[in-house]
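*Asks:*
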Amino acid sequence: MLRFVVRRLLQMCMVVVVLSMLVFVWLRSLPGGPVSAILGERQTPQRRAALEAALGLDQPLPVQYLKFMERAIQGNFGVSTKVLPGEDALDVFLSRLPATIELSLLALFLAITLGIPLGYLAARRQGSVTDTTAVIFSLVGVAVPVFFTAFLLKYFFAVEWNLLPVSGRQTTGLDATRVTGMFVLDGVLTREWDAAWDAVKHLILPAVALATIPFAVIFRITRASVLDVLDEDYVRTAEAKGLTAQVIRGRHVLRNAMLPVVTTVGLQVGGLLAGAVLTETVFSYRGVGDALATAFREKDYPVLQVLILAAAVIYVLVNLLVDIAYAVIDPRIRTR
Amino acid sequence: MSPKRTVATWTTAVLAAAALAGCADSQRDDDGGGEGGGSEDAGTFIFGAAGAPEMFDPYYATDGETFRITRQMFEGLLGIEPGSAEVVPELATEWTPNDEGTEWTFTLRDDVTFHDGEPFDAEAVCYNFERMFDQNEAGRTAGEYWGYVMGAYADDPENSLYQSCEATDEFEAVVSISRPTSGFPTMLTLESLSMQSPKAMEDGDANGIAAEGEGFSFPEYADNPVGTGPFVFGAYDEANGEITLERNDDYWGEAAKTSELVFRVIPDESTRRQELEAGSINGYDLPNPVDWAGLEDEGNSVEVRDPFNILYLGLNPEANPQLKDLKVRQAIYHALNRDQLVQTQLPEGAAVATQFMPDTVSGYNTSLEPFPYDPDEAKRLLAEAGAEGMTLEFAYPTEVSRPYMPDPEKIYEALRTDLEAVGIKVKVATASWNGGYLDNVSGEPGKYDAYILGWTGDYDAAYNFIGTFFGNLKDNDFGTDVMPWGKQLADDLQAADAIVDDDERAAAFEEINAQIMEEYLPGLPISHSPPALVVGPGVDGVIPSPLTAEEFDTVTVGGE
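If you're matching them up, the sequences are chains Y and Z in order.
Using the UniProt record's numbering, the first residue of the first sequence is number 1, and each one after it goes up by one.
Using the UniProt record's numbering, the first residue of the second sequence is number 1, and each one after it goes up by one.
1) Whole alpha helix (DSSP H) runs in the stretch 253-327 of chain Z with 4 or more residues, listed along the chain?
2) On the DSSP bridge list, what partners appear for Z:H528?
3) Could you confirm whether any beta carbon from chain Y is found closer than 7 angstroms to the beta carbon of Z:R28?
4) Hey, out of Z:I46, Z:R305 and Z:V175, whose CA is closest to Z:G83's CA?
5) Among the candidates Y:G266, Y:N256, Y:N162 and Y:V226, whose CA atom is the shortest distance from the CA of Z:E275?
6) Hey, how far is the Cα of Z:V125 from the Cα of Z:M195?
7) Give me the Cβ distance between Y:G78 and Z:E212, rounded to the nearest whole Å; I'm assuming they're in contact under 8 angstroms.
8) Can at least three beta-carbon pairs, one atom from the stretch 468-482 of chain Z and one from the stretch 421-434 of chain Z, be found at a separation below 8 angstroms?
9) Would you identify the three-state DSSP class for Z:F120, choosing helix, strand or coil?
10) Just the C-alpha distance for Z:W252 and Z:P58, rounded to the nearest angstrom, thanks.
11) For Z:D502, which residues from the same chain have a beta carbon less than 8 angstroms from its beta carbon, with the 5 sequence-adjacent residues on both sides left out?
12) Which runs of the beta strand (DSSP E) fall wholly inside the stretch 390-461 of chain Z and span at least 3 residues, in chain order?
13) Of the choices Z:N316, Z:A50, Z:E511 and Z:D25, whose alpha-carbon is the least far from that of Z:L368?
14) Please identify the residue among Z:G541, Z:A495 and Z:T44 whose C-alpha is closest to the C-alpha of Y:L174.
15) Identify the contact partners of Z:E54 in chain Y, using a Cβ-Cβ distance below 7 angstroms as the criterion.
16) Taking C-beta pairs closer than 9 angstroms, name the residues in chain Y that Z:A239 reaches, listed in chain order.
17) With 16 as the cutoff for other CB atoms within 10 Å, does Z:T548 come out buried or exposed?
18) Nearest CA to the CA of Z:G204: which residue from Z:A210, Z:D223 and Z:L193?
19) Contact between the stretch 517-534 of chain Z and the stretch 231-242 of chain Z is defined here as three or more beta-carbon pairs at a separation below 8 angstroms; is this criterion met?
20) Hey, Z:E103 and Z:V174 are a contact pair by Cβ (cut 8 angstroms); roughly how many whole angstroms apart?
21) Please list, in chain order, the chain Y residues whose beta carbon lies closer than 7 angstroms to that of Z:W455.
22) Can you list, in chain order, the residues of its chain whose CB lies under 8 angstroms from that of Y:R191, leaving out five sequence neighbours each side?
23) For the alpha helix (DSSP H) that contains residue 594 of chain Z, what are its first and last residues?
24) Using beta-carbon positions only, say whether Z:L533 and Z:D285 come within less than 7 angstroms of one another.
25) Rounded to the nearest angstrom, what separates Y:V200 and Z:R272 at their Cα positions?
26) Confirm, please, whether the CB-CB distance from Y:Q43 to Z:L193 is below 7 angstroms.
27) Can you pull the chain Y residues whose beta carbon is under 8 angstroms from the beta carbon of Z:E318, in chain order?
28) Leaving out the 5 sequence neighbours to the left and right, which residues in its chain are closer than 7 angstroms to Y:L61 when beta-carbon positions are compared?
29) Could you tell me whether the Cβ of Z:F218 comes closer than 7 angstroms to any Cβ of chain Y?
30) For Y:A176 versus Y:A195, is the C-beta distance shorter than 7 angstroms?
31) Closer than 7 angstroms, Cβ to Cβ, to anything on chain Z: give me those residues from the stretch 298-313 of chain Y, in chain order.
32) Among residues of its own chain, excluding the 5 on either side of Y:L110, which ones have a beta-carbon nearer than 8 angstroms to its beta-carbon?
33) Please identify the residue among Z:Q488, Z:F129, Z:N464 and Z:W485 whose C-alpha is closest to the C-alpha of Z:N309.
34) Would Z:H115 pass as a contact of Z:V226 if the rule is Cβ separation under 7 angstroms?
35) Whole angstroms is fine: what's the gap from Y:R48's alpha carbon to Y:L39's?
36) Would the stretch 89-107 of chain Z and the stretch 132-150 of chain Z be scored as touching if the rule is three or more Cβ pairs under 8 angstroms?
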């Protein structure tokens, strides 16, 4: 097991190095760049040349890349040009990460706690009204774009009914103490319960919007997987042995049906990062996704590089965790 | 999991949470927080900003979102009359030039202190000028506006407009410049050239900017700015995207009406509107013109600014030699139905342009009439020039909305239809604003035959419009260096700019405007659009500024 984990971590390092090169070249091959984002209408060939020289963008690409790697090895990924100008790009990522973790965890929690039980129920009652309704609901979740879902959620829950805030992470003037950057946790840690509750309220709509796609996917995989398992011989055998329904469901059906679901959940974590870009933008939620959108619009290379590489690392790590979870759920994999 | 294990797990989790709950202390002020609901607090004006500020030292700032915030904290020697582009006294009460217009004596207010309690006097003024002038290599590139208006820095004094500053009395400073220009002292209204506390700049190493990788790292001062304005810097809550400014109770003028001013970063336009509808912000900038009526119906007020911009169709004879022929350029102009464009694609209050500057700028020529829409004449001129059926690579930018062009694609489509109607074959070209469009337009040579672009004036000076466009022969987007009159036009503009007498200078610019439109036609001025901002019910005292330079100290919220 340890060898397996170490091998995977080494693979991850390779992935990061290759990806860093690809990202570096890809970003710089896109038209435009940070210089036009900074100068706007005021740009002239002279002014552009001066700024490019100051930022080292006039150097040949391999030279730029080597300089980047040289700094990166020392933990210096350059400073942001537009997202938070002057700030270390890695710090920008780290300061935005807690917000995205908080949002993704809640979204994932919603998707799993609704998706798995509903998927199981729908499979058990295949063809019933519950099943059909849940299937339609999940289809809508996949089909409707996040920004539209977000717009509707905001319109009804925030503007019309005034139940929840429209956007942001915290109400203006709340003066909450910051500890971890995850506002709900911070509220709990400091016993500022109003701040924790306020943060929860700000999280609900973006988390629901972000959860729609993972929910739909988890629901459908669970449903299909449970349907498959229900047809298995060992389930029939268990029934014939006279085991209680509870034991059959818990030990034989759910546990076996969970394998593909766990993979799916793992993959959805990567999807959550992609979804966070849209969700965080429309909810003005200051997380990694919002930073990524701003960095791309304003061609903030250092921040883009860090964010893309970090996303890759997270994705690889989550997949590693999924593989470990596999082993825990399925003893056959463990013994291989 | 057995029921027993479940209970054990949950018990552990609850105990852990209870233990965690004691592990950090609240740092709230005793009187602060807990209430929330900013807009219910009548003492706070909350403005929805489209983007985050770069930092808070206006000298290094380049974008409108940063200036909107620093403008509330900083003041210049000269100010702008709220609601107009007119120059008025601010920290200087008077300014007089010598006969040559190269030495300007500023008489300063004697009752001003910086937010840190330091006195504002002639020494402080000269410290500021020298600080702006004497920059390290990174600062010379980042100090965008100084370079733009002054031309150079201490390392290249021959090319610098600014020469020196001398404190001749406690409240009198003399600034010397290398040549007379209409831009000086009007340029001192620029937010970037505001006065900042010498002591705070010294303590915070204000000039310690450095190029690091592909960006600039800013000194500590840029996060703790100290000016003289009606608001004092409070805090930048980056995690929540909020900037808080507090009222300066020791302000030399009338104190601000609200005790707090908050800027909330909300990048998405429809979210800003929903926040306003929900009452959680009190206003935002640049509402989409199609929303204006709806916003008014909901009880908000849309404050329309006087247009201080120009949208033009740029032509590039370097990319398409057929455009060197005046008849071709006139034909293209005759083909454009600008009345219809203004009525259908631009916000209420927009106007057809007769020249490259709005009528509020001194030097505007009132005798010029709009170039008439006449497709037949356009066809005739094209035929005469032998350019029937000419092909024009005509470009527009995507992913952008500017005050002079709220929706570039729609404007472009209207113009393209007009051009095709007279037989011009349009080759559509497009690129995103930061994704190559500006590079293609202002490259040397520019890539497109024709393009749409515009300009919002920095201050009230004719040269800031037409001088920016045509005053520099080598470095302009219109390719005037390949035209026989290009050098003459640049020389004339520079000569007019150097005239010291205001009336004489205005007359010279009027004449040049007529020449540009009647003899040269280097590009085609299209329209002036009024950008707007919107404030919610109960908000009063917002004075819309043509320069989008609103000061919020006069604003009241909730009828206070």
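We treat Cβ as the ideally placed atom computed from N, Cα and C, and that holds for glycine.
*Replies:* Inspection of the coordinates gives the following:
1) 269-278 and 292-297
2) Stepping through the second sequence from its first residue, residue 528 of chain Z is reached at position 528. Beta-bridge partners assigned by DSSP to Z:H528: Z:A351.
3) Residue mapping note: residue 28 of chain Z aligns to position 28 of the second sequence, counting from 1. With 7 angstroms as the cut-off, Z:R28 counts as an interface residue toward chain Y.
4) Residue mapping note: residue 83 of chain Z aligns to position 83 of the second sequence, counting from 1. The candidate whose alpha carbon is nearest that of Z:G83 is Z:R305.
5) As a working note, residue 275 of chain Z is residue 275 in the second sequence. The alpha carbon of Z:E275 has as its nearest neighbour, out of Y:G266, Y:N256, Y:N162 and Y:V226, the alpha carbon of Y:N162.
6) Position 125 of the second sequence, counting from 1, holds the residue named residue 125 of chain Z. Position 195 of the second sequence, counting from 1, holds the residue named residue 195 of chain Z. Taking the straight line from one Cα to the other gives about 7 angstroms.
7) Along the first sequence, read from residue 1 onward, the residue named residue 78 of chain Y stands at position 78. Along the second sequence, read from residue 1 onward, the residue named residue 212 of chain Z stands at position 212. Confirmed, Cβ separation roughly 7 angstroms.
8) No: the two stretches stay apart, fewer than three of their Cβ pairs being nearer than 8 angstroms.
9) Counted from its first residue, the second sequence places residue 120 of chain Z at position 120. Correct three-state label for Z:F120: coil.
10) Position 252 of the second sequence, counting from 1, holds the residue named residue 252 of chain Z. Position 58 of the second sequence, counting from 1, holds the residue named residue 58 of chain Z. Z:W252 and Z:P58: Cα-Cα distance of roughly 21 angstroms.
11) Here residue 502 of chain Z corresponds to residue number 502 of the second sequence, with the count starting at 1. So the qualifying residues of the chain are S362.
12) If one requires a minimum length of 3 residues, the beta strand (DSSP E) runs lying completely within the stretch 390-461 of chain Z are 391-398, 425-432 and 450-456, in chain order.
13) Along the second sequence, read from residue 1 onward, the residue named residue 368 of chain Z stands at position 368. It is Z:E511 whose Cα lies nearest to the Cα of Z:L368.
14) Here the question's residue 174 of chain Y lines up with position 174 in the first sequence. The residue with the shortest Cα to Cα distance from Y:L174 is Z:T44.
15) Taking the first residue of the second sequence as position 1, residue 54 of chain Z is located at position 54. Within 7 angstroms Cβ-Cβ: P85.
16) Taking the second sequence and counting its residues from 1, one reaches residue 239 of chain Z at position 239. Under the 9 angstroms cutoff, chain Y gives S95, R96, P98, A99, R169, Q170, R178, G181, F183 and R286.
17) Position 548 of the second sequence, counting from 1, holds the residue named residue 548 of chain Z. Flag for Z:T548 reads buried.
18) Locating residue 204 of chain Z in the second sequence gives position 204, where the first residue counts as 1. For the residues Z:A210, Z:D223 and Z:L193, the minimum Cα distance to Z:G204 belongs to Z:D223.
19) Under the Cβ criterion (8 angstroms, minimum of three pairs), the stretch 517-534 of chain Z does not count as touching the stretch 231-242 of chain Z.
20) Taking the first residue of the second sequence as position 1, residue 103 of chain Z is located at position 103. Taking the first residue of the second sequence as position 1, residue 174 of chain Z is located at position 174. With 8 angstroms as the limit, Z:E103 and Z:V174 qualify as a contact, their Cβ atoms being about 6 angstroms apart.
21) Here residue 455 of chain Z refers to the residue found at position 455 of the second sequence. The contacting residues are E41.
22) Residue numbering aside, residue 191 of chain Y sits at position 191 when the first sequence is read from its first letter. Around Y:R191: no qualifying Cβ.
23) This structure leaves residue 594 of chain Z out entirely; chain Z is present only between 1 and 560.
24) Locating residue 533 of chain Z in the second sequence gives position 533, counting from the first residue. Locating residue 285 of chain Z in the second sequence gives position 285, counting from the first residue. For Z:L533 and Z:D285, yes; Cβs fall inside 7 angstroms.
25) Here residue 200 of chain Y is taken as the residue at index 200 of the first sequence, counted from 1. Here residue 272 of chain Z is taken as the residue at index 272 of the second sequence, counted from 1. Going from the Cα of Y:V200 to the Cα of Z:R272 covers about 21 angstroms.
26) In the second sequence, the residue the question calls residue 193 of chain Z occupies position 193. In the first sequence, the residue the question calls residue 43 of chain Y occupies position 43. Their beta carbons are not under 7 angstroms apart, which means Z:L193 does not touch Y:Q43 by this criterion.
27) Translated into the one-based positions of the second sequence, residue 318 of chain Z becomes position 318. Residues of chain Y passing the Cβ test: none, with the nearest at roughly 12 angstroms.
28) Within the first sequence, the letter at position 61 stands for residue 61 of chain Y. For Y:L61, where only same-chain residues beyond five positions count, the Cβ hits under 7 angstroms are V25 and R28.
29) Locating residue 218 of chain Z in the second sequence gives position 218, counting from the first residue. The C-beta of Z:F218 comes closer than 7 angstroms to at least one C-beta of chain Y.
30) Indexing the first sequence from 1 puts residue 176 of chain Y at position 176. Indexing the first sequence from 1 puts residue 195 of chain Y at position 195. Taking 7 angstroms as the Cβ cut-off, Y:A176 and Y:A195 qualify as a contacting pair.
31) Correct list: E298, K299, Y301 and P302.
32) Within the first sequence, residue 110 of chain Y is the residue found at index 110, counting from 1. For Y:L110, where only same-chain residues beyond five positions count, the Cβ hits under 8 angstroms are A207, V208, A211 and F215.
33) In the second sequence, counting from the first residue as 1, residue 309 of chain Z sits at position 309. Considering only alpha carbons, the answer is Z:N464.
34) In the second sequence, counting from the first residue as 1, residue 115 of chain Z sits at position 115. In the second sequence, counting from the first residue as 1, residue 226 of chain Z sits at position 226. For Z:H115 and Z:V226, yes; Cβs fall inside 7 angstroms.
35) Counting from 1 along the first sequence, the entry for residue 48 of chain Y is found at position 48. Counting from 1 along the first sequence, the entry for residue 39 of chain Y is found at position 39. Rounded to whole angstroms, Y:R48 to Y:L39 spans 8 angstroms at the Cα level.
36) no
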